[in-house]
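So the protein lines, in turn, are chains A and B.
Its first residue numbered 1, the first sequence is counted upward by one per residue in my numbering.
Its first residue numbered 1001, the second sequence is counted upward by one per residue in my numbering.
Don't be surprised by glycine CBs; every beta carbon is placed ideally from N, CA and C.
Before any comments, here is the structure.
Number of protein chains: 2
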Amino acid sequence: MIEKKISEYLENAHEIFLPGVSLDVVILGYSENAIRVLLLKLKEYNLWALPGGFIAKNEDVDAATHKIVKERTGLEKLYFNQFHLFGKTGRNASFLQESSHAAKLSADARNWLNQRFVTVGYFALVRIDQVVPQPDILSEACDWLPVDQLPATILDHHEIVNTAIGHVRRQLNYFPVGLNLLPERFTISELQRLYECILNQKMDRGNFQRKILKLDILVRLEKLKTGGAHKAPYLYRFDRDKYQHKIQHGIGFI
Amino acid sequence: MIEKKISEYLENAHEIFLPGVSLDVVILGYSENAIRVLLLKLKEYNLWALPGGFIAKNEDVDAATHKIVKERTGLEKLYFNQFHLFGKTGRNASFLQESSHAAKLSADARNWLNQRFVTVGYFALVRIDQVVPQPDILSEACDWLPVDQLPATILDHHEIVNTAIGHVRRQLNYFPVGLNLLPERFTISELQRLYECILNQKMDRGNFQRKILKLDILVRLEKLKTGGAHKAPYLYRFDRDKYQHKIQHGIGFI
DNA sequence: ACAAAAGTGTTCCCCCTACACCCATGT
DNA sequence: ACATGGGTGTAGGGGGAACACTTTTGT
């Protein structure tokens, strides 16, 4: 049944999708003190791949990205960003060509798959706890893997992930990207650990607190009742309205 | 003769180039107190267009960009950067379809031109005085036009230029982009006027000088003999070696 | 009582800002 | 002499870095 779906998908691809252009999304989340990327384990191979796909002939590239992230995560409202086009020669769907499906395809479908592809890289920032990862029809599993311990991947997906991280790191100075990765309510310490993770460096506790609060984009909520043997910290939430006002004048954090 | 070249180019395009992908380069220069972009005036139309083209099936996208900029400017060593993929539906080579050449083309060639195109945006920074602008076969003229007074352009080239400027402006904080736009030797005042142009705001003379010199990427040369009724300023040149050392630790200017 | 982590305060110092002041040069 | 622009000096303030102190809570 699933086999039939794959065959149909590949057989019709050359009629539905733009030729030679694919897209890959680096979906990033944060849990257990690590930035993680959502990867798909391909059937028939011991290789992982980024969620991705093709762009329908009558579809905006941004819209195609939105659709793919929604399918893999279940999320509707998304923060995502295009960051690079990977256009080296020799990129193609080689892993599909070798698959058991390729043989059954028509000549047109096979030619379409065999052509060179350029791919548009997007990154998306999501809250891991809100996501229910969904493998696509070509993959057998789907998992959040820490970006500093990537498994073997197809093609240049390793490079795509690393390039994405670099862009996120640079955006940290201007946009409160961290807030797209945390749950609705969080403590300053949690936010600091996230920042330390992204930038890969320790920060001073007291200074971090003052600095992030002075941006005036967080709202203090009730105190957190914790089971920890220490003072209960405040919870905060991100204030999108205040943020929208600030952003026009530029936010400088680091 | 030129007519024949155009026909040949368009007729063979579908065999040589990647389908559905084009590239456009925002070539920026600086002269007479204005940031200027190199635009081509199309034959048969009263419209301007960015230098651009297609990507050969066996050619890296970066290489195709390099080739195009070299053809239009004569420059070999270049600072250029990919910044965005423009992928809205409805983008195509509409201006070519209406041209007098389109009628003579084979069905294959016409279909290739009629398809939807996504385009990769690059920007390049050049020294205007070193450039001898060269129109391509589809254009009758080629000129440096100030980016704040753009003429009517084809498609979304207006948006592409403005997006490019935004990226350059943001890079100004991290890379000495200004130095790719000035002649080999320049005064601090000239550099300041350039920065003021890009950022569109006045800066303090004394502070600009200290700040830019403290980056320690400029080398002071001999004094300039000027015809001006004032003290002769020093000339400086950009020190690429020092810069390469600095950049790893990050350069913060603004 | 004590440990652990949160919240807040303090001091030092650097750097940015804003001007002011001299210097060199051509008219 | 004087205007013009170049180079440098300086006083003040804001903010970051480092560290200290107090507060709350569970064991």
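>> Here's the rule: buried if 16 or more other CB atoms are within 10 angstroms of the residue's CB, otherwise exposed. What is ASN1081/B?
In response: Classification of ASN1081/B: buried, given that the 10 Å Cβ count is 16 or more.
> How big is the Cα-Cα spacing for ARG110/A and ALA1103/B?
Replying inline: Those two C-alpha atoms are separated by around 32 Å.
>> Beta-carbon within less than 7 Å of LEU1194/B's beta-carbon, same chain only, minus the 5 sequence neighbours each way: which residues are those?
In response: Closer than 7 Å at the Cβ level, and outside the excluded window around LEU1194/B, lie TYR1030, GLY1178, LEU1181, LEU1182.
> Using a beta-carbon distance cut-off of less than 9 Å, what residues from the segment 67 to 82 of chain A approach chain B?
Replying inline: Under the 9 Å Cβ criterion, the segment 67 to 82 of chain A contributes GLN82.
> Going by Cα to Cα distance, which pick from PRO1233/B, GLY1228/B, ASP1136/B is closest to ARG1220/B?
Replying inline: If we check each option's Cα against that of ARG1220/B, PRO1233/B comes out closest.
> THR89/A CB to nearest chain B CB: under 8 Å?
Replying inline: With respect to chain B, the C-beta atom of THR89/A has a partner C-beta closer than 8 Å.
> How would you label LEU1155/B, buried or exposed, when you count the other beta carbons within 10 angstroms and need 16 or more for buried?
Replying inline: So LEU1155/B ends up on the buried side.
> Of all Cβ atoms in chain A, is any one closer than 8 Å to the Cβ of LEU1138/B?
Replying inline: With 8 Å as the cut-off, LEU1138/B does not count as an interface residue toward chain A.
> When burial is assigned at 16 or more other CB atoms within 10 Å of the CB, is ASP1024/B buried or exposed?
Replying inline: It is buried - the Cβ of ASP1024/B has at least 16 other Cβ atoms within 10 Å.
> Given that a residue counts as buried once 16 or more other Cβ atoms are within 10 Å of its Cβ, and exposed if not, what is ILE1247/B?
Replying inline: So ILE1247/B ends up on the exposed side.
> Taking any Cβ of chain A, which residues in the segment 1018 to 1039 of chain B have a Cβ under 8 Å from it, in chain order?
Replying inline: Listed by position along the chain: LEU1018, PRO1019, GLY1020, VAL1021.
>> Across the segment 71 to 89 of chain A and the segment 108 to 127 of chain A, are there enough close Cβ pairs to call them in contact, namely three or more that are closer than 8 Å?
In response: The segment 71 to 89 of chain A, when compared against the segment 108 to 127 of chain A, does touch it at the 8 Å Cβ threshold.
> Residues in its own chain within less than 8 Å of SER106/A by CB, not counting five upstream and five downstream?
Replying inline: Scanning its chain for C-beta atoms nearer than 8 Å, with the 5 sequence neighbours on each side dropped, one finds around SER106/A the residues GLU11, in chain order.
> The alpha helix (DSSP H) spanning ASN1207/B covers which residue range?
Replying inline: Unbroken alpha helix (DSSP H) run through ASN1207/B: 1205 to 1214.
> Do you know how far the Cα of THR163/A is from the Cα of ARG36/A?
Replying inline: Rounded to whole angstroms, ARG36/A to THR163/A spans 14 Å at the Cα level.
>> Between the alpha carbons of HIS1084/B and LEU138/A, how many angstroms are there, rounded?
In response: Spanning the two alpha carbons is a distance of roughly 29 Å.
>> In the DSSP output, what is HIS84/A paired with across the bridge?
In response: Partner residues in the beta bridge of HIS84/A, as assigned by DSSP, are GLY121/A.
>> Tell me which residues of the segment 167 to 194 of chain A have at least one Cβ-Cβ distance to chain B shorter than 9 Å, keeping chain order.
In response: Here the close residues are ARG170, ASN173, TYR174.
> Looking only at its own chain, which residues have a Cβ that is under 8 Å from the Cβ of ASN1118/B, when we skip the five neighbours before and after it?
Replying inline: Looking at the sequence shown, residue 1118/B is not Asn but Val. Scanning its chain for C-beta atoms nearer than 8 Å, with the 5 sequence neighbours on each side dropped, one finds around VAL1118/B the residues GLY1020, VAL1021, SER1022, LEU1085, PHE1086, GLY1087, ARG1091, in chain order.
> For ASP1060/B versus THR89/A, is the C-beta distance shorter than 8 Å?
Replying inline: Yes, the Cβ-Cβ distance between ASP1060/B and THR89/A is below 8 Å.
> Just the Cα atoms here: how many angstroms apart are LEU1235/B and ILE1217/B?
Replying inline: Cα to Cα, LEU1235/B sits roughly 14 Å from ILE1217/B.
> Where LYS1070/B and VAL1161/B are concerned, what is the direct C-alpha to C-alpha distance, given to the nearest angstrom?
Replying inline: Between the C-alpha atoms of LYS1070/B and VAL1161/B there is a straight-line separation of about 19 Å.
> Residues of chain A with a CB under 8 Å from the CB of LEU1085/B: which are they?
Replying inline: Below the 8 Å Cβ cutoff, chain A contributes VAL61, GLN82, LEU85, VAL120 as neighbours of LEU1085/B, in chain order.
> Closer than 8 Å, Cβ to any Cβ of chain B: which residues of the segment 45 to 58 of chain A, in chain order?
Replying inline: Cβ contacts with chain B come from ILE55, LYS57, ASN58.
> Residues in its own chain within less than 8 Å of ALA1056/B by CB, not counting five upstream and five downstream?
Replying inline: Answer for ALA1056/B: ILE1016, PHE1017, LEU1018, ALA1064, listed in chain order.
>> Extract the residue ranges of the beta strand (DSSP E) inside the segment 1045 to 1107 of chain B, only unbroken runs of 3 or more that lie entirely within it.
In response: Taking only runs of at least 3 residues, the beta strand (DSSP E) segments lying wholly in the segment 1045 to 1107 of chain B are 1052 to 1056, 1079 to 1086.
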